[in-house]
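Everything below concerns the one structure shown next.
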Amino acid sequence: MFSNLIAPPVIAKLGSKWSLVIAATTYVGYMAVFLHLETWLYYAASALNGVGAGVLWTANGVYLVEHSKKENLPTNTVIMWSVMQTSLLAGSKAAETGPIIENPEDPPMSVTPTSKTPSVCEAFTSTFKLIATKKMAVMLTPAFFLGVQAVVATGVFPPSIEATRSFESHQFILPYIVLAFGAGAIAAGALFRVMERKKKSTFGNRWVILVGTVLMMIGWGLCALIIPWKAAVGKTEDLPLMATSSALVLLIGFLFGVADSCWQAQMMTMVGGVWRESNTAPAYALLKFFQAGAACFGYFCGKLFELHIILAFVAVLAIISTFCFFTVQRWAFKEQTQVPGDENGHAN
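Dropping the structure here:
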């Protein structure tokens, strides 16, 4: 979580490309630990991987902005996110085998910095200065929402299904939920392409956000119907309001996958468009910091409340976050029209 705050000075010193390379080695080290598993080594590798993840995700956003023309940023973000989600398909199939085992190209763009490269100290302090700006303060609410909804989709929904003893397939369907989530995330890429033909925006597409919010609402509503409310806090023999079926469970996973991609891709596009000319790394770092903090909050509180309370909270947060996204987008468009002689405009 706090590693997101050190990401801007690291990127300022090493650049986004080498920050990605070095941060990726922490993932390799984490996987290597399983070749000779020791408790202390596992926890040490997990902590190091957490630091690397904060740098990697921030550098990923900065690298995408640096190597994308402004008009191509939405398309490149969608492609990157969709390709990345294909790992869920392979991963879910690998997880499925667990119980069985146990039981011509374009030349690269040249990146021309628009201002002098900030020092490590400047990059670190600019992160905290950015949080006091109007647009960033409002964007922190959607960032917090993304962390909470990720916990609901991956840390509350699957365990609640597993805890529903009245559902016969509760022990075997979890890998397929991940598969459905991944399929939904990839399918969202096609949705983005259709909506981009209607209107492409370097500050995110509000219609994609709206679709994502609606799909999440539908998924949460189905969760409330097919999962006993006490399943969120532990195993239960209680019956849900509506009979649980594998088809509905997988449908919810698919909806969550589509909706999550809608929000994640548009948030990346928004940050890349609004803070393109300056503070790109601090902006991504702050959003990932609050997203990670929200995930910690969600996992801590997830076992303290019954399902209907969790779903009601995240639904209200989704509505507020949608309006916050629209507000920042409106401010960015307003600033864009005030820049003379720039057809595309830049909002900082």
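Residue numbers (our numbering): 939 to 1286. Ideal Cβ placement from N, Cα and C applies to all residues, glycine included.
For Thr1071, three-class secondary structure by DSSP
Position 133 of the sequence shown, counting from 1, holds the residue named residue 1071. The three-state secondary structure of Thr1071, taken from DSSP, is coil.
I'd like to know if Val1094 contacts chain C, where contact means its C-beta is closer than 7 Å to some C-beta of that chain.
The chain inventory of the structure shown lacks chain C, comprising one protein chain alone.
Identify every run of the alpha helix (DSSP H) within the region 947 to 1016, keeping only runs that are complete inside it and at least 4 residues long; order them along the chain.
For the region 947 to 1016, the full-length alpha helix (DSSP H) segments reaching 4 residues or more read 954 to 971, 977 to 1004 along the chain.
Which same chain residues end up closer than 7 Å to Leu1310 when comparing Cβ atoms and leaving out the 5 residues on each side of it in sequence?
Given a span of 939 to 1286 for the chain in the structure shown, any question on residue 1310 remains unanswerable.
Flag this pair as touching only if the region 966 to 986 and the region 1177 to 1195 have three or more C-beta atom pairs under 8 Å; answer yes or no.
Too few Cβ pairs lie closer than 8 Å, so no.
Quick check on DSSP: helix, strand or coil for Thr1182?
Here the question's residue 1182 lines up with position 244 in the sequence shown. Coil.
Gly990 versus Ala962, Phe1227, Tyr981, residue with shortest Cα-Cα distance:
Here residue 990 corresponds to residue number 52 of the sequence shown, with the count starting at 1. It is Ala962 whose Cα lies nearest to the Cα of Gly990.
Give the C-beta separation of Asn1217 and Ser1064 to the nearest angstrom, bearing in mind that I take them to be a contact with Cβ-Cβ under 8 Å.
Your numbering for residue 1217 matches position 279 in the sequence shown. Your numbering for residue 1064 matches position 126 in the sequence shown. Correct: roughly 6 Å between the Cβ atoms.
Could you say which of Val1149, Val1116, Ile1111, Met1206 lies nearest to Ala1126 if we only look at CA atoms?
Residue numbering aside, residue 1126 sits at position 188 when the sequence shown is read from its first letter. Ranking the options by Cα distance to Ala1126, first place goes to Val1149.
For Thr1102, which residues does DSSP report across the bridge?
Mapped onto the sequence shown, residue 1102 falls at position 164. Thr1174.
Comparing alpha-carbon positions, which option in Lys1226, Tyr1114, Lys1272 lies nearest Ala1081?
If you number the sequence shown from 1, residue 1081 lands on position 143. The shortest C-alpha separation from Ala1081 is found at Lys1226.
Report the three-state DSSP secondary structure of Glu1273 (helix, strand or coil).
Here residue 1273 is taken as the residue at index 335 of the sequence shown, counted from 1. Helix, per DSSP.
Spatial neighbours of Met1077 within its chain, please: C-beta separation below 6 Å, excluding the five flanking residues on both sides.
Here residue 1077 is taken as the residue at index 139 of the sequence shown, counted from 1. Excluding positions up to five away in sequence, the list reads Val1266.
Under the rule that 16 or more other beta-carbon atoms within 10 Å means buried, what is Ile949, buried or exposed?
For this step, residue 949 is matched to residue 11 along the sequence shown. Under this definition Ile949 is a buried residue.
Beta-carbon separation (whole angstroms), Gly1122 vs Gly1191, contact threshold 8 Å:
Along the sequence shown, read from residue 1 onward, the residue named residue 1122 stands at position 184. Along the sequence shown, read from residue 1 onward, the residue named residue 1191 stands at position 253. The pair is a contact, with the Cβ atoms about 7 Å apart (cut-off 8 Å).
How many angstroms separate the CA atom of Leu1068 from the CA atom of Met1155?
Within the sequence shown, numbered from 1, the residue matching residue 1068 stands at position 130. Within the sequence shown, numbered from 1, the residue matching residue 1155 stands at position 217. Going by the C-alpha atoms only, they are around 32 Å apart.
Hey, which unbroken runs of the alpha helix (DSSP H) at 4 residues or more fall wholly within the region 1199 to 1240?
Listed in chain order, they are 1218 to 1240.
Alpha-carbon spacing of Val1212 relative to Ala1221, whole angstroms
Stepping through the sequence shown from its first residue, residue 1212 is reached at position 274. Stepping through the sequence shown from its first residue, residue 1221 is reached at position 283. Answer to the nearest angstrom: the Cα atoms are 9 Å apart.
Is the region 1157 to 1176 touching the region 1241 to 1254 in the sense that three or more CB pairs, one from each, lie closer than 8 Å?
Yes: at least three Cβ pairs fall under 8 Å.
Specify, as a first and last residue, the run of the alpha helix (DSSP H) that Thr1092 falls within.
Locating residue 1092 in the sequence shown gives position 154, counting from the first residue. That residue, Thr1092, is in no alpha helix (DSSP H); it is neither H nor E in DSSP.
Which same chain residues, not among the five before or five after Leu1255, have their C-beta less than 7 Å away from its C-beta?
What you label residue 1255 is simply residue 317 of the sequence shown in a count that begins at 1. Closer than 7 Å at the Cβ level, and outside the excluded window around Leu1255, lie Phe1083, Val1086.
Buried or exposed (CB count within 10 angstroms, at least 16 for buried), Gln1204
To locate residue 1204, count along the sequence shown from 1; it is residue 266. Its Cβ being crowded by 16 or more others within 10 Å, Gln1204 is buried.
In whole angstroms, what is the alpha-carbon distance linking Ala1253 and Leu986?
Taking the sequence shown and counting its residues from 1, the one referred to as residue 1253 is at position 315. Taking the sequence shown and counting its residues from 1, the one referred to as residue 986 is at position 48. Using only the alpha carbons, I get a separation of about 34 Å.
Rounded distance between the beta-carbons of Val1196 and Leu1129, thought under 8 Å
The sequence position of residue 1129 within the sequence shown is 191, counting from 1. The sequence position of residue 1196 within the sequence shown is 258, counting from 1. Correct: roughly 7 Å between the Cβ atoms.
Cβ of Val1094 within 7 Å of Cβ of Gly988?
Position 156 of the sequence shown, counting from 1, holds the residue named residue 1094. Position 50 of the sequence shown, counting from 1, holds the residue named residue 988. Their beta carbons are not under 7 Å apart, which means Val1094 does not touch Gly988 by this criterion.
By Cβ distance, which residues of its chain are closer than 7 Å to Trp1269, with the 5 residues on each side in sequence left out?
As a working note, residue 1269 is residue 331 in the sequence shown. Correct list, in chain order: Lys1073.
Please identify the residue among His974, Thr964, Gly992 whose C-alpha is closest to the C-alpha of Ala983.
Stepping through the sequence shown from its first residue, residue 983 is reached at position 45. It is Thr964.
Contact check, Ser1107 vs Ala1170, beta carbons under 7 Å
Within the sequence shown, residue 1107 is the residue found at index 169, counting from 1. Within the sequence shown, residue 1170 is the residue found at index 232, counting from 1. It is not a contact, given that the beta carbons lie outside the stated cut-off.
With DSSP as the reference, label Pro1080 as helix, strand or coil.
Residue numbering aside, residue 1080 sits at position 142 when the sequence shown is read from its first letter. Of the three classes helix, strand and coil, the one that applies to Pro1080 here is helix, per DSSP.
Does the separation of the CB atoms of Ile1164 and Phe1263 fall below 7 Å?
What you label residue 1164 is simply residue 226 of the sequence shown in a count that begins at 1. What you label residue 1263 is simply residue 325 of the sequence shown in a count that begins at 1. Taking 7 Å as the Cβ cut-off, Ile1164 and Phe1263 do not qualify as a contacting pair.
So what does DSSP say about Leu1249, is it helix, strand or coil?
By one-based count along the sequence shown, residue 1249 stands at place 311. Three-state DSSP puts Leu1249 in a helix.
Please classify Ala1070: is it buried, with 16 or more other beta-carbons within 10 angstroms of its beta-carbon, or exposed?
In the sequence shown, counting from the first residue as 1, residue 1070 sits at position 132. Exposed is the call here.
Within 10 angstroms of its Cβ, does Cys1200 collect 16 or more other Cβ (buried), or is it exposed?
Reading the sequence shown from its first residue, position 262 is the one you call residue 1200. It counts as buried.
Could you tell me the distance, in whole angstroms, from the CA atom of Gln1229 to the CA atom of Met1206?
The sequence position of residue 1229 within the sequence shown is 291, counting from 1. The sequence position of residue 1206 within the sequence shown is 268, counting from 1. Gln1229 and Met1206 have their C-alpha atoms roughly 13 Å apart.
Residue range of the unbroken alpha helix (DSSP H) whose run includes Ala1169:
The sequence position of residue 1169 within the sequence shown is 231, counting from 1. Run containing Ala1169: none; DSSP gives neither H nor E here.
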